[in-house]
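And the structure:
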């Protein structure tokens, strides 16, 4: 304001100089201001402009506070709606995962049933094979017992033939035993006599040598005492060695005598054993004769029973074979049915996977549409703001020039065209105009800088792309008419889903419960009625409803 006043004074001075130096200066008129002070007209005008600017600044601040509050509430609503949409999508994904898990469990159950049927068939086969093996083993045992009886019968016949020879052998063995006993007794008597004679001879020799050594030692001890000690020591050593030899010989003779006595006792025991064996053989012969008669009778009865068992076994084998064939046929029928069910389930699984993949593709297409529409709105909003900034700058400069020339009664309010953070905005030209001008150096625009109208334009452009409608920008004259999509166009595109579809403004007026109902209804119709290969008309409409919420 001071700079503006200085420019005014300089401009007036230049005018006065042009009129002439000789003229007198007129005194400025004096006026009382609001505080009661007498001030010049220029100062009073400046004070009035200052008060007006301060009042306008206060009004602008109040308006900006209100706009910030509404912006915060709208952002909270947007966040809540986004969270609700994400929760709905998560619930749909969970339902799809549950269905996939159920299908996997059903496939696993079918595989388990098939494996159980296989195991049952194998168990039946194994059980019948075991029964057949058991019957064959019984037959083999019976045949082996019959062969054993035949061999025993042949052995008894051979024993009858060799009986006389065995008796002769027994008598010869008895004679041999008697002869060996006599020879053993004679040998023992001879050995005892030799042992006693040798013992007496050794005692006599030892006594004789001891007496000779004693006499000789006495004589030599008397003759020479020094040499005697050495010789006595040597002689003692030699006598000790001779004594140990005699003791060993005596022990050997004792051991030999013990061995001979044990051998004699063993021969006596063998003789008694032979007598017992002969008696037992005679008894066994009598028992075997009785057993042969019993076994012959038993063989005849076994032959009759064996023929009866064979007939029964053949009959049972036929019955078991027929039952096994019937069970195998039933198992095959069940396995065929299970295979058909498995094929149907696999086809359903493939169909569900194709549907899921198609839904994912549509989601990616929707994201692409959204990003493209966002970029276009960013560019268009950036260009519009640049134009508005230039236009506002030109208007502002024009007003300043007009005020400086004197054509305008008041100076325009001071405005800044530089970019500021959102919480420090100081003016808004129009309600529908952008709230922040972009920086002159920047080429792109951040999403956080978009106003509510710009976001509405993004969603409108997205719906127009998905529905195949050429997007027409909204003018100031038809804002209210363009805020609602015509019901005829939407009804023509929605088909069987519903007639009452509205745009973003109408959906935003709904409560959260009504929005959730619309989402659940459309998602259920989409999952139930959609088939692979259909036109993508209903899909686009369902996606529109999800984005709207």
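In this note's numbering, the protein residues as written are 649 to 1197. Just so you know, even glycine gets a beta-carbon here, dropped at the ideal spot from N, CA and C. Bear in mind the structure is a predicted one, so any value in this text is a computation, not a measurement.
Supposed contact pair residue j and residue i - C-beta distance, whole angstroms, cut 8 Å
i           : j           : result
residue 758 : residue 990 : 5 Å
residue 801 : residue 984 : Between residue 984 and residue 801 the Cβ distance is about 60 Å, and since that is not below 8 Å, they are no contact.
residue 947 : residue 807 : Actually they are not in contact, since the Cβ atoms of residue 947 and residue 807 sit about 19 Å apart, beyond 8 Å.
residue 972 : residue 767 : The Cβ separation is near 16 Å, so there is no contact.
residue 986 : residue 769 : Their Cβ separation, rounded to whole angstroms, is 13 Å, which puts residue 986 and residue 769 out of contact at 8 Å.
residue 760 : residue 993 : Contact flag wrong, Cβ pair sits at about 14 Å.
residue 836 : residue 912 : 6 Å
residue 961 : residue 803 : About 31 Å; that fails the 8 Å criterion.
Three-state secondary structure assigned by DSSP to residue i
i           : result
residue 688 : strand
Rounded straight-line distance, which links the Cα of residue j to that of residue i
i            : j            : result
residue 679  : residue 1050 : 26 Å
residue 882  : residue 848  : 27 Å
residue 774  : residue 923  : 58 Å
residue 1023 : residue 995  : 42 Å
residue 935  : residue 831  : 38 Å
residue 817  : residue 824  : 10 Å
residue 908  : residue 841  : 14 Å
residue 850  : residue 926  : 49 Å
residue 1020 : residue 693  : 54 Å
residue 1046 : residue 1036 : 15 Å
residue 1054 : residue 1033 : 31 Å
residue 1014 : residue 765  : 49 Å
residue 954  : residue 945  : 14 Å
residue 727  : residue 1112 : 24 Å
residue 894  : residue 901  : 11 Å
residue 1044 : residue 1061 : 9 Å
residue 686  : residue 1052 : 26 Å
residue 896  : residue 906  : 15 Å
residue 715  : residue 1001 : 48 Å
residue 857  : residue 890  : 11 Å
residue 928  : residue 798  : 24 Å
residue 1003 : residue 743  : 14 Å
residue 681  : residue 711  : 30 Å
residue 982  : residue 1007 : 37 Å
residue 838  : residue 899  : 18 Å
residue 745  : residue 735  : 15 Å
residue 1042 : residue 1048 : 10 Å
residue 780  : residue 755  : 37 Å
residue 708  : residue 717  : 14 Å
residue 822  : residue 917  : 13 Å
residue 747  : residue 737  : 15 Å
residue 932  : residue 834  : 37 Å
residue 729  : residue 999  : 32 Å
residue 739  : residue 969  : 57 Å
residue 790  : residue 920  : 41 Å
residue 864  : residue 845  : 28 Å
residue 695  : residue 689  : 10 Å
residue 910  : residue 904  : 10 Å
Assigned exposure category for residue i - 16 Cβ within 10 Å defines buried
i            : result
residue 1025 : buried
residue 771  : exposed
residue 914  : exposed
residue 1017 : buried
residue 827  : exposed
residue 778  : exposed
residue 1102 : buried
residue 958  : exposed
residue 671  : Because residue 671 carries a pLDDT of 39, less than 50, the predicted location of this residue cannot be relied on, and the following value inherits that uncertainty. It counts as exposed.
residue 949  : exposed
residue 1029 : buried
residue 1108 : buried
residue 811  : exposed
residue 980  : exposed
residue 1105 : buried
Distance cut-off 7 Å: residue i Cβ against heavy atoms of the ligand SAM
i           : result
residue 837 : Absence of the ligand SAM is noted for the structure shown, with no ligands found whatsoever.
query: Which parts of the stretch 815 to 863 are runs of the alpha helix (DSSP H), unbroken and 4 residues or longer, counting only runs that do not cross its ends?
result: none
Start-end ranges of the beta strand (DSSP E) lying completely within the stretch 709 to 776, minimum 3 residues: none
Runs of alpha helix (DSSP H) wholly within the stretch 965 to 1041 (minimum 4 residues, chain order): none
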